[in-house]
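For reference, the structure discussed in these notes is given below.
There are 2 protein chains.
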Amino acid sequence: MPTVVTTIEALREQLAAARALGQRVGFVPTMGALHAGHASLVEAARRENDCVVASIFVNPTQFGPSEDFSRYPRTLEADLALCEAAGATLVWTPTVDVMYPPGDQTIVEVEQLARLLEGRHRPTHFRGVTTVVMKLLLAVIPDVAYFGQKDFQQQLLIRTMVRDLFLPVRIETCATVREVDGLALSSRNRYLSGVERESARSLSQALFFVRDRIAAGERQLEPLVNEVLARLWATPLVTPDYFTIVSANTLEPVTAPGPDMVALVAARVGSTRLIDNCLLVPPENSPTARS
Amino acid sequence: MPTVVTTIEALREQLAAARALGQRVGFVPTMGALHAGHASLVEAARRENDCVVASIFVNPTQFGPSEDFSRYPRTLEADLALCEAAGATLVWTPTVDVMYPPGDQTIVEVEQLARLLEGRHRPTHFRGVTTVVMKLLLAVIPDVAYFGQKDFQQQLLIRTMVRDLFLPVRIETCATVREVDGLALSSRNRYLSGVERESARSLSQALFFVRDRIAAGERQLEPLVNEVLARLWATPLVTPDYFTIVSANTLEPVTAPGPDMVALVAARVGSTRLIDNCLLVPPENSPTARS
Numbered sequence: 172m173p174t175v176v177t178t179i180e181a182l183r184e185q186l187a188a189a190r191a192l193g194q195r196v197g198f199v200p201t202m203g204a205l206h207a208g209h210a211s212l213v214e215a216a217r218r219e220n221d222c223v224v225a226s227i228f229v230n231p232t233q234f235g236p237s238e239d240f241s242r243y244p245r246t247l248e249a250d251l252a253l254c255e256a257a258g259a260t261l262v263w264t265p266t267v268d269v270m271y272p273p274g275d276q277t278i279v280e281v282e283q284l285a286r287l288l289e290g291r292h293r294p295t296h297f298r299g300v301t302t303v304v305m306k307l308l309l310a311v312i313p314d315v316a317y318f319g320q321k322d323f324q325q326q327l328l329i330r331t332m333v334r335d336l337f338l339p340v341r342i343e344t345c346a347t348v349r350e351v352d353g354l355a356l357s358s359r360n361r362y363l364s365g366v367e368r369e370s371a372r373s374l375s376q377a378l379f380f381v382r383d384r385i386a387a388g389e390r391q392l393e394p395l396v397n398e399v400l401a402r403l404w405a406t407p408l409v410t411p412d413y414f415t416i417v418s419a420n421t422l423e424p425v426t427a428p429g430p431d432m433v434a435l436v437a438a439r440v441g442s443t444r445l446i447d448n449c450l451l452v453p454p455e456n457s458p459t460a461r462s
Numbered sequence: 172m173p174t175v176v177t178t179i180e181a182l183r184e185q186l187a188a189a190r191a192l193g194q195r196v197g198f199v200p201t202m203g204a205l206h207a208g209h210a211s212l213v214e215a216a217r218r219e220n221d222c223v224v225a226s227i228f229v230n231p232t233q234f235g236p237s238e239d240f241s242r243y244p245r246t247l248e249a250d251l252a253l254c255e256a257a258g259a260t261l262v263w264t265p266t267v268d269v270m271y272p273p274g275d276q277t278i279v280e281v282e283q284l285a286r287l288l289e290g291r292h293r294p295t296h297f298r299g300v301t302t303v304v305m306k307l308l309l310a311v312i313p314d315v316a317y318f319g320q321k322d323f324q325q326q327l328l329i330r331t332m333v334r335d336l337f338l339p340v341r342i343e344t345c346a347t348v349r350e351v352d353g354l355a356l357s358s359r360n361r362y363l364s365g366v367e368r369e370s371a372r373s374l375s376q377a378l379f380f381v382r383d384r385i386a387a388g389e390r391q392l393e394p395l396v397n398e399v400l401a402r403l404w405a406t407p408l409v410t411p412d413y414f415t416i417v418s419a420n421t422l423e424p425v426t427a428p429g430p431d432m433v434a435l436v437a438a439r440v441g442s443t444r445l446i447d448n449c450l451l452v453p454p455e456n457s458p459t460a461r462s
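First to last, the sequence lines map onto chains D and A. Residues 172 to 462 in the numbering used here are what the first sequence lists, from first letter to last. Residues 172 to 462 in the numbering used here are what the second sequence lists, from first letter to last.
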């Protein structure tokens with residue numbers, strides 16, 4: 172089993188020992204309830220580093236007052252087994268008191284990007300994310316930290332924060348892992364009933380439909396978005412929050428196909444809120460067209 | 172002369188060379204217009220470290236719209252000479268574009284402490300300070316960073332930020348350096364006319380009066396504060412913003428003498444705003460009383 176530590180002092184002692192051996196450190200911050208998506212992050216870290224740290228911390232400050240903090244799945248034993256199988260050497264499981272001791276009052280905010288998309292629907296979410304990720308990154312100071320593309324806006328905010336604050340850590344974004352039918356893996360998928368699970372396919376189906384149409388040369392984005400939104404609204408149990416095509420760098424809406432576009436979707440399926448996304452490549456920007 | 176660098180890449184190249192030699196790194200962030208107070212910080216860094224980095228950057232984001240950013244003194248040649256004489260080995264002079272490149276949008280805030288005292292009079296000041304200091308500290312990642320006690324609330328915010336975000340840097344606060352008549356050294360003292368300079372003595376005189384009265388056993392803080400505030404209001408050209416006795420840890424007002432108290436004063440002298448402070452030790456907490 173990987174070594175498990177709770178305090179920052181114990182974490183740093185382990186990291187100092189690894190550094191003293193000249194080891195390169197990779198870091199995978201998680202909220203636990205781990206699945207094959209997290210495993211792929213730990214495996215990527217394992218391939219590129221000697222010492223692989225995973226953290227497990229359900230961060231209260233990124234949940235809104237009406238969100239699922241208290242019922243968010245906690246599956247520590249299974250998480251540790253997954254970490255071991257995927258190649259983690261060290262698992263850090265801080266308590267809320269370790270992360271937010273009495274008197275704690277410092278926050279980190281990425282101003283513009285945090286106000287868009289998810290930020291509109293979850294107004295305090297990203298402030299909680301960037302603050303806790305900054306703490307986690309500074310506790311470890313890895314060579315590389317790994318995040319999933321599934322949370323597209325999150326990884327963009329973290330990249331922006333790290334760049335703006337001159338944090339000497341490389342951020343790697345790893346491809347979304349999906350079920351056979353396309354559903355993006357998420358710790359929240361376990362909330363879905365059987366019929367909700369069926370309906371949840373509609374999110375990735377909408378993304379892939381748009382991806383394929385744009386790859387085939389479709390240049391009218393607005394009717395395309397309207398079409399998939401209508402399909403989502405028509406899917407039983409699905410209530411879309413948004414489906415949009417934006418710049419992958421600024422998250423600003425794009426009106427005509429170009430490079431670096433991403434389609435983003437958020438929807439409630441029953442009472443469970445899911446998000447997903449897909450990078451879009453129009454034919455003139457595809458590797459074939461460019462070569 | 173010390174080596175002067177502008178870009179973060181050049182800075183990090185120099186620091187990597189020092190680290191490769193096993194050198195310990197001390198850091199003194201400044202806004203230039205250096206005086207003997209800054210020299211004392213560089214000298215402290217020199218005593219405790221092998222490589223001493225001073226930065227010179229007049230940070231626009233910590234000035235309010237009606238404040239003195241554009242006329243803040245810039246004295247680079249004299250600053251470099253002072254850095255050399257005090258023992259700096261590396262001077263970093265980033266431009267605004269280095270610190271805030273296009274797209275920059277991340278801020279660091281210390282929430283409660285930033286709202287008090289100076290924060291009431293300069294609402295966006297500390298957000299600018301903590302954001303730029305975080306950037307400076309992460310660009311250098313020194314073993315120790317040195318700040319002056321003259322900006323008491325600032326050093327407390329920086330300590331709080333570093334503690335809350337788990338930044339592995341030790342913060343040292345160095346005693347205020349004063350003119351013979353007690354005036355705390357400040358880059359803004361050069362704005363004072365001859366008569367204003369005379370009146371500016373009243374700030375430190377008020378602090379020392381309170382310090383001496385409390386050391387002599389005075390326990391009634393409110394009349395004491397009222398007395399010195401009346402004296403400040405009666406001083407020609409002086410307009411006090413506040414004179415207050417607070418906890419040195421929380422900046423909350425204290426009503427009876429105890430350990431860890433500080434008296435803080437802010438006042439305009441003519442059109443120049445000055446601040447100063449003094450730690451207070453009641454007789455039962457003095458070294459003699461405790462021994």
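Every residue gets a Cβ at the ideal spot worked out from N, C-alpha and C, and that includes glycine. Just so we're clear, the structure is a prediction, and the values are computed from it rather than from any experiment.
List the residues of chain A that D:I278 touches, going by C-beta distances under 7 Å, in chain order. E280 and E282
Distance between D:E238 and D:G208 (C-alpha atoms, nearest Å): The straight-line gap from Cα to Cα measures roughly 23 Å.
Applying the 10 Å Cβ sphere with the 16-neighbour rule, what's the burial state of A:N448? buried
Neighbourhood of D:L307 by C-beta, 6 Å cutoff - its chain only, sequence neighbours within 5 removed: P200 and S226
7 Å Cβ shell around D:V366 - same chain, five flanking residues per side excluded: L408
First and last residue of the uninterrupted beta strand (DSSP E) at D:I342: First-last of the beta strand (DSSP E) with D:I342: R341 to C345.
Kindly say whether A:E455, judged by its beta-carbon, lies nearer than 8 Å to any beta-carbon of chain D. no
Does any residue of chain D bring its CB to less than 8 Å from the CB of A:M172? No - not a single Cβ of chain D is within 8 Å of the one on A:M172.
Going by C-alpha to C-alpha distance, which of A:T232, A:C222 and A:R372 sits closest to A:D268? A:T232
With DSSP collapsed to three states, give me the class of D:Y413. strand
Once the 5 residues before and after A:D412 are set aside, which same chain residues still bring their CB inside 8 Å of it? H292, A437, A438, R439 and R444
For the segment 391 to 403 of chain A against the segment 366 to 382 of chain A, are there 3 or more C-beta pairs whose distance is under 8 Å? Counting C-beta pairs with one atom in each stretch, the segment 391 to 403 of chain A and the segment 366 to 382 of chain A have three or more that are closer than 8 Å, which means they touch.
Is the CB of A:T232 under 8 Å away from at least one CB in chain D? no
Quick one: what's A:E280 bridged to in DSSP? D:I278
With 16 as the cutoff for other CB atoms within 10 Å, does A:M270 come out buried or exposed? Buried, by the Cβ-count rule.
Check whether chain A comes within 8 Å of D:T331, counting only Cβ atoms and requiring the distance to be less than that. Yes, contact with chain A.
Report the residue ranges of all beta strand (DSSP E) runs contained in full by the segment 380 to 453 of chain D; include only those spanning at least 3 residues, in chain order. 409 to 418, 432 to 440 and 443 to 451
Tell me the residue span of the alpha helix (DSSP H) that contains D:L261. Segment L261 to W263 is the beta strand (DSSP E) holding D:L261; no alpha helix (DSSP H) there.
Are the CB atoms of D:L251 and D:V348 within a distance shorter than 8 Å? no
Looking at the C-beta of D:A310, does it have a partner C-beta in chain A at a distance below 8 Å? yes
Cβ closer than 8 Å: which chain A residues qualify as neighbours of D:F337? One finds I179, K306, L309 and A310 in chain A with Cβ atoms closer than 8 Å to the Cβ of D:F337, taken in chain order.
What are the boundary residues of the alpha helix (DSSP H) that D:A188 is part of? I179 to A191
Determine the direct distance from the alpha carbon of D:I446 to that of D:N360, and round the result to whole angstroms. 11 Å
Does DSSP put D:V224 in a helix, a strand or coil? Under the three-state reduction of DSSP output, D:V224 falls in the strand class.
Nearest neighbour of D:P339, chosen from D:Q326, D:Q325, D:D322 and D:I312 [CA to CA]: D:I312
Quick check: the segment 270 to 281 of chain A against the segment 281 to 292 of chain D, are there 3 or more CB pairs under 8 Å? yes
When Cβ atoms are compared, which residues of the segment 255 to 276 of chain D fall closer than 7 Å to chain A? D275 and Q276
Taking Cβ to Cβ, would you say A:D221 is nearer than 8 Å to A:Q185? No, the pair does not count as a contact, with Cβ atoms beyond the cut-off.
Less than 8 Å between the C-beta atoms of D:S375 and D:A405, yes or no? no
Taking only runs of the alpha helix (DSSP H) that begin and end inside the segment 295 to 346 of chain A, which ones reach a length of at least 4 residues, in chain order? The DSSP assignment places 296 to 311 and 323 to 335 as complete runs of the alpha helix (DSSP H) inside the segment 295 to 346 of chain A, in order along the chain (cut-off: 4 residues).
Buried or exposed: where does D:E248 fall if 16 or more other Cβ atoms within 10 Å of its Cβ makes it buried? exposed
Please state if the CB of A:F318 and the CB of A:I329 are separated by a distance shorter than 8 Å. Their beta carbons are under 8 Å apart, which means A:I329 touches A:F318 by this criterion.
Are the CB atoms of A:P244 and A:A204 within a distance shorter than 8 Å? Yes.
Give the straight-line distance between the Cα atoms of A:R341 and A:D314, rounded to the nearest whole angstrom. 6 Å
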